[in-house]
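To start, the structure itself, in structure tokens.
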DNA sequence: CGTTAAAAAATCCTATAGGAAAACTTAGTC
DNA sequence: GACTAAGTTTTCCTATAGGATTTTTTAACG
């Protein structure tokens with residue numbers, strides 16, 4: 177390409193601003209899965225989805241192709257797409273085992289490499305967690321789950337290893353956890369006397385009523401990273417994931433017994 | 177646009193089709209990236225690609241959407257798709273660091289859980305490696321790279337953890353390694369006196385002439401798993417990845433100095 | 001009554017043309 | 001030479017028709 181003004185001149189980064197329709201559709205469908213609007217295991221009719229979202233098939237197809245790569249939608253050739261089932265107990269354990277392989281290392285690296293920008297971001301994220309504690313109901317659960325996702329993604333990002341950060345993102349673990357929670361919740365609505373169970377699950381996971389356990393665990397991790405204490409960060413992350421697994425296992429088990 | 181109807185007067189009957197076209201296109205485009213037919217960093221025109229592959233835009237779009245999820249193609253909104261650049265030295269190191277986090281664990285688990293089916297598969301794969309050693313030229317490099325990919329994927333699969341296996345698959349590390357090799361090779365063709373370098377790279381990586389080092393390392397890992405010696409499997413995998421990194425680092429470095 | 005086979009319907013997949021919006025190029029004016 | 005304005009190209013999206021495959025329905029037969 178010919179001269180592009182003077183090389184020294186500031187390259188006015190004019191970003192396209194407008195997002196592409198297929199990206200929006202991708203997010204919309206993901207949100208529908210998130211909220212059980214598309215229930216696990218149900219078929220996804222391309223035509224119907226296009227009509228419902230008021231777009232043509234093309235962007236829907238692109239979004240579904242990406243969601244398939246993400247493992248959120250499964251494609252059966254010539255039979256159509258369907259939302260993947262909820263995590264089985266084994267898949268759930270496997271997922272957390274995978275996280276145990278990469279996240280403690282990521283926390284350790286983050287503690288070694290963190291700069292002021294990273295420290296500020298960590299503090300801000302912990303602040304947002306405290307804000308989320310003031311919400312109530314499902315919205316709170318969703319807000320806390322989203323904080324959880326951002327918190328872990330942030331640490332993976334601060335670790336400086338893009339491969340690790342990407343692989344964490346692609347686990348979509350927060351989405352799976354939220355679907356699990358909602359599934360239990362919805363079963364409750366269907367009539368079973370699981371009101372207490374769901375409440376317990378909620379309490380157990382985030383311990384909102386008692387000690388905000390998960391948030392406190394996040395606090396320990398964040399402090400270790402900010403103090404650049406890499407060993408402490410590693411062990412704190414490790415035990416956080418393990419205790420998180422323990423808190424959520426009953427939810428996964430309940431599904432599998434269905 | 178004139179109709180390109182009878183490009184080769186081929187009967188439109190596309191044979192008894194069992195797989196879906198968009199999947200085939202996905203593999204084709206991946207192969208084109210693999211072989212530098214689509215060079216790193218170059219633009220990918222959907223229209224041109226559709227014409228070239230003699231299909232419509234729809235399957236090409238779906239394939240590109242999936243390739244973007246894979247990180248092999250980047251999309252710039254309203255500007256189109258382009259092939260991602262070759263791995264920088266840092267990205268290369270990060271990728272191998274990531275592999276060090278999951279693959280030694282996978283080998284350890286594989287040794288613990290392997291059954292007769294798995295043992296048979298491992299033996300078969302090692303046999304195919306020995307077959308590949310008889311080929312010559314680029315084809316041999318590709319054959320060995322493909323064996324490498326299958327071998328590591330197989331162990332991840334035997335580990336029994338789908339999250340781990342998936343995350344390994346999505347690194348597409350064999351594809352990145354092959355692109356790196358080809359890039360050096362092509363630079364050579366462009367005139368620099370790197371004939372010896374590429375040859376060295378080839379020799380260094382697989383040690384075909386001397387001791388088939390990488391294959392021997394695979395052998396050690398395979399034997400440890402078959403013997404169900406989990407500790408040995410772990411350490412063998414760890415040192416294999418580290419030595420693989422050492423063998424390939426010069427190739428990545430050469431690219432970055434360009 | 002149960003099983004099998006053919007026909008019909010539903011659904012998915014592909015092909016093609018064309019329009020809208022953005023980015024790029026070119027030309028004209030100060 | 002710098003800035004603006006129109007034209008061109010590119011890219012994304014829409015729409016629709018038709019082919020291919022699976023599923024369902026219907027009908028015949030043992």
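Protein chains in written order, with the numbering used here: chain G, 177 to 434; chain Z, 177 to 434.
Don't be surprised by glycine CBs; every beta carbon is placed ideally from N, CA and C.
As the structure is a prediction and not an experimental result, all values here were calculated from the model.
With contacts defined as CB atoms closer than 8 Å, residue 357 of chain G and residue 317 of chain G qualify as a contacting pair.
For residue 274 of chain G, the closest Cβ of chain Z is nearer than 8 Å. Closest option to residue 252 of chain Z, judged by alpha-carbon separation, among Z:336, Z:402 and Z:220: Z:220.
If you draw a straight line from the Cα of residue 238 of chain G to the Cα of residue 225 of chain Z, it is about 17 Å long.
Beta-bridge pairing by DSSP links residue 252 of chain G to G:256. For residue 323 of chain G, the enclosing alpha helix (DSSP H) starts and ends at 314-334. Using a Cβ-Cβ cut-off of 8 Å, residue 355 of chain G does not count as an interface residue toward chain Z, since no Cβ of chain Z sits closer than that to its own.
Of the other Cβ atoms in all chains shown, fewer than 16 fall within 10 Å of the Cβ of residue 291 of chain G; this residue is therefore exposed. Per DSSP, the continuous alpha helix (DSSP H) segment holding residue 265 of chain G begins and ends at 265-289. Among the residues of the region 221-241 of chain Z, those with a Cβ less than 9 Å away from any Cβ of chain G are 233, 234, 237, 238, 239, 240 and 241, in the order of the chain. Inter-segment contact for the region 243-261 of chain Z and the region 322-337 of chain Z is absent: fewer than three beta-carbon pairs are separated by less than 8 Å. Ranked by Cα distance from residue 427 of chain G, the first of G:268, G:243 and G:242 is G:268.
Residues of chain G with a Cβ closer than 7 Å to the Cβ of residue 337 of chain Z are, in chain order, 270, 273 and 274. Interface criterion met: the Cβ of residue 346 of chain Z is under 8 Å from a Cβ in chain G.
Chain order gives the chain Z residues near residue 278 of chain G as 274, 277, 278 and 343, where near means a beta carbon separation below 9 Å. When rounded, the separation of the alpha-carbon atoms in residue 284 of chain Z and residue 409 of chain Z is 5 Å.
Taking a Cβ-Cβ threshold of 8 Å, the residues of chain G close to residue 340 of chain Z are 270, 273, 274 and 277, in chain order. Taking C-beta atoms as the reference points, residue 234 of chain G and residue 247 of chain G fail to come closer than 8 Å. Looking from the CA of residue 424 of chain Z, the closest CA among Z:201, Z:279 and Z:266 belongs to Z:266.
The region 297-307 of chain G makes contact with the region 387-400 of chain G; the number of CB pairs closer than 8 Å reaches 3 or more. For residue 421 of chain G, the CB contacts under 7 Å within the same chain, skipping 5 residues up- and downstream, are 272 in chain order. Per the coordinates, the alpha-carbon of residue 232 of chain Z lies some 13 Å from the alpha-carbon of residue 200 of chain Z. Across the set G:294, G:197 and G:320, the C-alpha of G:320 shows the shortest separation from the C-alpha of residue 354 of chain G.
Following the DSSP letters along the chain, one finds residue 311 of chain G in no alpha helix (DSSP H), marked with neither H nor E. Annotation: the continuous alpha helix (DSSP H) that includes residue 347 of chain G extends over 338-347. Cβ neighbours of residue 286 of chain Z within its own chain (closer than 6 Å, five residues either side excluded): 331, 334, 335 and 401. Put simply, of Z:338, Z:205 and Z:196 the residue whose alpha carbon is nearest the alpha carbon of residue 351 of chain Z is Z:205. For residue 264 of chain Z, there are no neighbours in chain G by C-beta distance under 9 Å, as the nearest C-beta there is about 10 Å away.
In the displayed model, residue 231 of chain G falls within coil according to three-state DSSP, outside both helix and strand. Around the C-beta of residue 217 of chain G, fewer than 16 other C-beta atoms lie within 10 Å, and the residue is accordingly described as exposed.
Cβ atoms of residue 340 of chain Z and residue 274 of chain G come within 8 Å of each other, at about 5 Å. By the criterion of a C-beta distance shorter than 7 Å, residue 295 of chain G is surrounded in its chain by 402, once the five residues flanking it on both sides are discounted.
Residue 362 of chain G and residue 208 of chain G have their alpha carbons spaced roughly 15 Å apart. By alpha-carbon distance to residue 405 of chain Z, the top candidate from Z:257, Z:289 and Z:270 is Z:289. Its Cα nearest to that of residue 280 of chain Z, the residue Z:418 stands out among Z:418, Z:429 and Z:430.
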